[in-house]
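Protein sequences appear in the order of chains A and B.
Using the numbering used here, the letters of the first sequence map in sequence onto residues 6 to 248.
Using the numbering used here, the letters of the second sequence map in sequence onto residues 2 to 218.
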Amino acid sequence: MIYETSIEGGKHWSLVVRAGMRLRLIDELGGANVGMLFYNPQNTLERYNAPDTLKCQHTFKLTRGHCLYSDMGRIFCSIVADTVGWHDTVCGNSNRELVARRWGEQSYQEVRNDWTQNGHDAFLVEGGKYGLGRRDLAANVNWFSKVAITDDGSMHFDAENCKPGGSVDLRFEMDTLVLLHTCPHPLNPARDYPRRPVGVQIDQAAPVRDDDFCRNFRPENGRGFENTKLYRACACGPTGVSS
Amino acid sequence: MTRKRSERLPSEAVYREIVPAGKYWIQVVREDQVLRIVDVEGNQAADTLFFNAADPYERYSAVDTVREQGNVYLSHGSKLMSTHCRVLAEIVADTVGRHDTLGGACATESNTVRYALEKRTMHACRDSWLLAVAEHERFGLTKRDLTHNINFFMNVPVTPDGGLTFADGLSGPGQYVEMRAAMDIIVLISNCPQLNNPCNAYNPTPLEVLIWDADVS
């Protein structure tokens, strides 16, 4: 294990992850949510694209086998393991007004670091550390959260989606800037602001073999891996395969 | 699924323009004006983005729109929300009954993934958008602002087990959707040039755009 930590609920963090690393997220108590966005650190105009990710794999949910695509047809990371089965990428973030409406206004002076942070502001703050602003935000992943759809299109938050200890493993196929927060899912109806810690483990991933599950999950993913391989072979700087 | 026809007469529109297949359209629509997009020959997709004209970095947000209305499909009554969770426009008439905002716009790069690596040179919506913002620098938009759009006239059903399907369009010749601007907005449409899937029946055709001034009350 290269690094292990735990992020309290309602907080934010960011890191650059090199190609070939594995990032494991653990919902320690159940009911957690991790908002996440992905960028190419060498050209942050290349970013996670939820619509491409969904339509390339004919899916509405994210789980094992799925790859997370950039808008440039490349793969930031693959979901190589998942004990949960359904992660959301269409509901976006909580924002200041939503949090105040649902869980009330709180003053920082009173509650100090137990303040009720929201996902939108969390991304603005973390993104700002890399020169990103509101124009650069996009539809994010909400790890551990499930919103199911009925035939008429209505959306239903599943509060039981993730049990204590549930985890998801991401294998990075490109060097990637990861922004993340542990703020509640915007459709979480909990009476009190949900504050669920998330374990983070960073390790070296096993090499991608020809029979890799994610790469062969759909023919589209094989082509996504080809695009990513070309980029890593040709790109300058630390993204190149020579590093 | 709700359908609602409009009483507005094309002869009373203050603006009418054909958007040929594979072209873009970008224009400011003023607060309370009504914009109609017509699927002239049927089964065409209109990949559309909206921006607050006074602050274009505030733009249409698909995720805020579907979450706030509690439904993933757009139709009559849908409020199109911004990244600041404010209403940019509201759909006030719709003869189709369902429009997509999950599937995003086609790009040369996503075409390589979806169909074949060699499709990288085929015309795509995001190329049209990039040309549009390059040719209209005064709006101050760049690639950073080109994101998750609405696909008017496209039908992308979600299954209860979490699948996403690209179904035959519900639209047909002369079907239309109308929206009233809730503030001054920049509207950017790519008339989808896709030749690889049924979103426009493998046959890109024209759209028509009409604008009416605010209703006199």
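Glycine included, every Cβ here is placed at the ideal spot set by N, Cα and C.
Residue i versus residue j: straight-line alpha-carbon distance, rounded
{"i": "G70 of chain A", "j": "N226 of chain A", "result": "9 Å"}
{"i": "R127 of chain B", "j": "S75 of chain A", "result": "14 Å"}
{"i": "D126 of chain A", "j": "V104 of chain A", "result": "11 Å"}
{"i": "S248 of chain A", "j": "A238 of chain A", "result": "Reliability fails at S248 of chain A, whose pLDDT of 36 lies under 50, so the model's placement of it is uncertain and no value is given."}
{"i": "Y44 of chain A", "j": "R9 of chain B", "result": "45 Å"}
{"i": "V188 of chain B", "j": "E9 of chain A", "result": "47 Å"}
{"i": "V111 of chain A", "j": "S99 of chain A", "result": "The residue you asked about is not Val; residue 111 of chain A is Gln in the sequence shown. Q111 of chain A and S99 of chain A: Cα-Cα distance of roughly 16 Å."}
{"i": "D216 of chain B", "j": "Q34 of chain B", "result": "8 Å"}
{"i": "D215 of chain A", "j": "G14 of chain A", "result": "38 Å"}
{"i": "M160 of chain A", "j": "D101 of chain B", "result": "15 Å"}
{"i": "P202 of chain A", "j": "T96 of chain B", "result": "47 Å"}
{"i": "L147 of chain B", "j": "F52 of chain B", "result": "10 Å"}
{"i": "H124 of chain B", "j": "N197 of chain B", "result": "11 Å"}
{"i": "Q122 of chain A", "j": "E209 of chain B", "result": "45 Å"}
{"i": "G133 of chain A", "j": "A94 of chain B", "result": "40 Å"}
{"i": "V15 of chain B", "j": "Q70 of chain B", "result": "31 Å"}
{"i": "N48 of chain A", "j": "R79 of chain A", "result": "13 Å"}
{"i": "C200 of chain B", "j": "A153 of chain A", "result": "24 Å"}
{"i": "L50 of chain A", "j": "D141 of chain A", "result": "8 Å"}
{"i": "F162 of chain A", "j": "R68 of chain B", "result": "11 Å"}
Short Cβ contact (8 Å threshold) for residue i with residue j
{"i": "G164 of chain B", "j": "F65 of chain A", "result": "yes"}
{"i": "T49 of chain B", "j": "N150 of chain B", "result": "yes"}
{"i": "R17 of chain B", "j": "E179 of chain B", "result": "no"}
{"i": "V64 of chain B", "j": "G25 of chain A", "result": "no"}
{"i": "Y25 of chain B", "j": "I190 of chain B", "result": "yes"}
{"i": "Q45 of chain B", "j": "T166 of chain B", "result": "no"}
{"i": "V39 of chain B", "j": "I212 of chain B", "result": "no"}
{"i": "D87 of chain A", "j": "T58 of chain A", "result": "no"}
{"i": "N192 of chain B", "j": "L171 of chain B", "result": "no"}
{"i": "A182 of chain B", "j": "A90 of chain B", "result": "yes"}
Proximal chain A residues relative to residue i, where beta-carbon distance stays under 7 Å
{"i": "R87 of chain B", "result": "In chain order: nothing, as chain A lies at least about 10 Å away."}
{"i": "S111 of chain B", "result": "D57, C61 and G78"}
With 16 other Cβ atoms within 10 Å as the buried cut-off, status of residue i
{"i": "T187 of chain A", "result": "buried"}
{"i": "W159 of chain B", "result": "Per the sequence presented here, residue 159 of chain B reads as Val, with Trp not at that position. Answer is buried; the Cβ neighbour count reaches 16."}
{"i": "D197 of chain A", "result": "exposed"}
{"i": "Y61 of chain B", "result": "buried"}
{"i": "T3 of chain B", "result": "exposed"}
{"i": "D157 of chain A", "result": "exposed"}
{"i": "Q209 of chain A", "result": "exposed"}
{"i": "M41 of chain A", "result": "buried"}
{"i": "M184 of chain B", "result": "buried"}
{"i": "T244 of chain A", "result": "Bear in mind that the predicted position of T244 of chain A carries a pLDDT of just 49, short of 50, making it unreliable; the figure below should be weighed with that in mind. With 16 or more Cβ atoms within 10 Å of its Cβ, T244 of chain A is classed as buried."}
{"i": "S11 of chain A", "result": "exposed"}
Listed by chain order, chain A residues near residue i by CB distance under 8 Å
{"i": "D48 of chain B", "result": "The contacting residues do not exist; D48 of chain B stays about 11 Å from chain A at best."}
{"i": "G98 of chain B", "result": "Correct list: empty, because the minimum Cβ distance to chain A is about 11 Å."}
Those residues which DSSP pairs with residue i across a bridge
{"i": "R27 of chain A", "result": "A:R176 and A:D208"}
{"i": "Y135 of chain A", "result": "BP columns for Y135 of chain A are empty, so no partner."}
{"i": "W148 of chain A", "result": "A:V39"}
{"i": "L81 of chain B", "result": "B:A90"}
{"i": "T249 of chain A", "result": "Since the first residue shown for chain A is 6 and the last is 248, residue 249 of chain A is missing from the structure and cannot be characterised."}
{"i": "C72 of chain A", "result": "A:S83"}
{"i": "R52 of chain A", "result": "A:Y44"}
{"i": "T121 of chain A", "result": "T121 of chain A pairs with nothing; no bridge assigned."}
Proximal residues of chain A, C-beta to C-beta of residue i below 9 Å
{"i": "G78 of chain B", "result": "Here the premise fails: no neighbours, minimum Cβ distance about 13 Å."}
{"i": "H149 of chain B", "result": "N54, A55, P56, A143 and A144"}
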